[in-house]
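Beneath this line is the structure, given in structure tokens, with notes to follow.
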Amino acid sequence: MTERPFSISGELTEAGHRLVQRVYYEDTDFSGLVYHARYLHFLERGRTDYLRCLGVEQRELVSADEEGLVFVVHRMEIDFKSPARMDDVLTILTHTEKAGGAKMVLNQQIRSGETLLIAAKVIIAVINARGRPRRLPETLAVKFLEGSQPL
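Sequential numbering of the sequence shown, starting at 1, is according to full-length UniProt numbering.
Listed below in structure tokens is the structure:
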């Protein structure tokens, strides 16, 4: 049997990025369900590891040229469909819908098995190190769009 190397950063798939995370006690509230704000953490991990798997190093982007490049969340729409519970194994899926100009649009899902728990649309602003809008370089836009199919 051939083992595939395991990556704590998840993996790139035909549909974008896939990251698996377990729900721990610290993620839940008094009811034993995942506290609503914790889903933001799972979504952020998915986006960060998506970049990492694409070979995009955020620390390097901020000082890559005289202008610098930074990604910031501009807007987020989240639909809470079903709750996650302690010890559930979650799959965080991230897919690029749009990349160009001074923004990116990412679609994300959190699933437990086949059950959709969270659907999110995240609009990312591309800014320079001084906080001003900046165009996403074409080479990065292509990286985000290559092989990313709708979720």
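Cβ coordinates follow ideal geometry from the N, Cα and C atoms, glycine included.
Annotation: the stretch 59-132 contains no complete segment of the alpha helix (DSSP H) (minimum length 4 residues). Between V72 and A125, the C-beta spacing is below 8 Å. The Cβ atoms of G55 and L19 do not sit closer than 8 Å to each other. A straight-line Cα-Cα distance of about 28 Å links S7 and D79. A direct Cα-Cα distance of roughly 34 Å separates V34 from E60. Per DSSP, E26 is not a residue of any beta strand (DSSP E), being assigned neither H nor E. Short of 8 Å from the beta carbon of N128, and not among the five residues preceding or following it, lie these beta carbons of its own chain, in chain order: E67, G68, L69, V70 and R134.
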